[in-house]
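As structure tokens, the structure follows; a few thoughts come after it.
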Amino acid sequence: MLGSCPDDYIYQVEVTAPLPSKFDLSLASSLKIPPLEPLSIDIFIADYISNVFPYFPLVGLDVLLRYQRDVLRDGLQSTIESAICLCISALAAITTSKSGVPLSGQFDHVGSIFVSPALKIMMNISTLCIQPRVELSEAWTLAAVWFAYLGRPLQSWKCISQAATNLQHLFHGDRKSIGYNEEELCVYWTCYVLESDLRACFDLPSSCLQHLKNDLPLPNNSDDEMAEATFLAAEVHLRQLINNKDTQCEDDRPGIDLPQNIPGAFPEDEIPPEKPPEKPHNSLLRRTSQLLCQFDDLLEQLPTEIKPSLEVVEATSDQTKMLRARYYAARIALQRPLLLYASEEASSNTPVPLLEACEACVEDCRLFLLSMSQVLRKRSPYLWTLSQTALDVVLLLCVAYSTPHLSFLVEDLSDVQELVTANLSRWSTPGSAFEAAIGIIERARTKQGLLRNRDS
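If you read the sequence shown in the numbering used here, its first letter stands for residue 28, the second for the next number, and so on.
Structural data, given as structure tokens:
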């Protein structure tokens with residue numbers, strides 16, 4: 028459909044994209060820590076708690092107020108606490124009222140003045156300090172979240188890798204018997220969600236985070252942070268189901284067939300009848316149905332305050348909008364093999380249950396894209412990953428549209444493509460992955476137009 032577009036096209040776009048303007052990591056330059064006035068610190072903390080903390084409850088208000096007192100007394104220093112304050116300031120700057128402004132011009136460096144010195148402090152501490160501290164992983168994770176808001180996935184992943192390395196040292200030994208505090212759990216599961224999202228988009232090596240997931244419990248719901256911890260737990264559950272989709276339903280794995288002609292293997296009257304081989308689409312349908320039921324069960328278990336409506340209505344919070352988009356993205360990931368399988372079947376041989384499953388998949392694609400359009404109205408830590416998921420969904424619909432016996436399911440494909448390109452255009456800058464995604468969609472539209480004209 029896309030001709031010679033390589034599999035790692037988006038990855039190469041991100042690798043070659045320049046850093047934001049005014050971003051200084053030169054080792055030759057001295058550490059220039061910007062001054063923070065008391066009023067500025069108050070505003071930054073309030074913006075962080077309102078806009079970022081609901082997604083990832085990393086550093087609570089009590090801890091931030093303690094850091095604030097230290098900064099006001101001693102000023103910003105080359106300490107991990109100062110690095111956290113700088114990252115908080117950067118996140119507050121990028122999530123304020125100007126968050127709807129595209130990533131171009133003077134706004135592509137929002138927060139760089141704070142993150143640049145913070146990264147230098149963190150790299151110095153990561154290299155020279157032997158004793159691991161959870162605060163160091165918090166700082167790296169906050170930097171990863173800032174890069175995610177900026178739409179820079181590979182830099183975000185590098186920061187997560189640093190946080191994961193420190194967590195690996197922190198959790199080394201007999202930590203499971205000792206237990207983990209809430210601060211450690213929130214950092215770990217935030218990194219897990221962010222890394223899993225990025226590894227779903229890129230062929231990236233896994234960190235220790237994936238190996239620790241079975242040993243660590245989810246964060247508890249404290250009175251003050253119940254909604255935030257519950258939202259993070261819901262995200263973790265959805266992400267884990269997607270990560271494990273290939274190992275679910277153990278009964279789908281082929282067993283070992285013993286030969287029946289071995290003398291004495293079975294009494295003659297007890298030879299088990301041979302089972303006819305199951306058709307591939309039946310196995311896919313059963314397996315997909317089981318996993319979709321798990322998603323529905325998870326949704327029912329969510330507290331009312333964060334449970335998203337599955338109808339595309341204006342949600343009460345950004346978190347419920349995102350949870351709904353993630354829910355539909357998960358369903359699409361599970362149903363995608365069914366649609367691709369059906370696209371390779373001859374039209375006269377496509378079973379009705381498979382066609383019905385394809386219709387359900389296409390409808391989930393529409394609902395995801397409508398939910399995505401609500402989230403992408405402003406910056407969020409899912410800016411890049413949602414955009415790339417939207418691209419994948421559009422291409423999946425293009426496959427259905429190009430399949431004669433499935434094309435009737437996506438007669439509105441042109442409208443769907445325009446919806447996605449309109450949302451991506453909001454954040455597109457020259458040389459960005461957003462611009463590349465728009466180009467891919469336009470090439471697919473041109474290809475489809477040529478195919479339709481040829482067939483008509």
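Every residue gets a Cβ at the ideal spot worked out from N, C-alpha and C, and that includes glycine.
Taking each of 464, 264, 456 in turn and checking the Cα distance to residue 228, the smallest one comes out for 464.
If the five residues before and after residue 110 are omitted, its C-beta is found closer than 6 Å to the C-beta atoms of 145, 148, 149, 166, all from its own chain and listed in chain order.
Only residues of its own chain outside the window of five on either side were considered, and among them 265, 268, 269, 322 have a CB closer than 7 Å to the CB of residue 357, listed in chain order. Residues of the same chain with a CB within less than 6 Å of the CB of residue 401, apart from the 5 flanking positions on each side, are 348 in chain order. Remark: three or more beta-carbon pairs, one from each stretch, lie closer than 8 Å, so the segment 427-437 and the segment 358-376 are flagged as touching.
Of the other Cβ atoms in all chains shown, fewer than 16 fall within 10 Å of the Cβ of residue 100; this residue is therefore exposed.
One alpha carbon belongs to residue 86, the other to residue 181, and they sit about 23 Å apart.
In the three-state DSSP reduction, residue 402 falls in the helix class (H, G or I).
By the neighbour-count criterion, in which 16 or more other beta carbons inside 10 Å mark a residue as buried, residue 122 falls on the buried side. The continuous alpha helix (DSSP H) containing residue 368 extends over residues 345-370. Taking 8 Å as the cut-off, the Cβ atoms of residue 211 and residue 172 do not count as close. The beta carbon of residue 421 lies closer than 7 Å to those of 443, 444, 447, 468 in the same chain, with the five residues before and after it left out.
According to the DSSP assignment, residue 193 belongs to the alpha helix (DSSP H) that extends over 180-197. Taking the Cα positions, residue 311 is about 8 Å away from residue 364. Restricting attention to 354, 414, 309, the CA atom closest to the CA of residue 324 is found in 354. Per the C-alpha coordinates, the member of 454, 34, 245 positioned closest to residue 409 is 454.
Contact check for residue 389 against residue 436 passes: the beta carbons are separated by less than 8 Å. Residue 458 counts as exposed, since fewer than 16 other C-beta atoms from the protein chains shown sit within 10 angstroms of its C-beta. Straight through space, the alpha carbons of residue 176 and residue 81 are spaced by roughly 14 Å. DSSP places residue 97 in the helix class (H, G or I) of the three-state scheme.
Shown here, residue 215 sits in a helix according to DSSP, grouped into three states. In this structure, residue 115 lies away from residue 63, with their beta-carbon atoms at least 8 Å apart. Counting every other CB atom within 10 Å of its CB across the protein chains shown gives residue 320 a total below 16, marking it as exposed. Residue state for residue 453 is assigned as coil, using DSSP reduced to three classes.
Setting aside the 5 residues that flank it on each side, residue 78 is surrounded in the same chain by 122, each with a C-beta closer than 6 Å to its C-beta; the list follows chain order.
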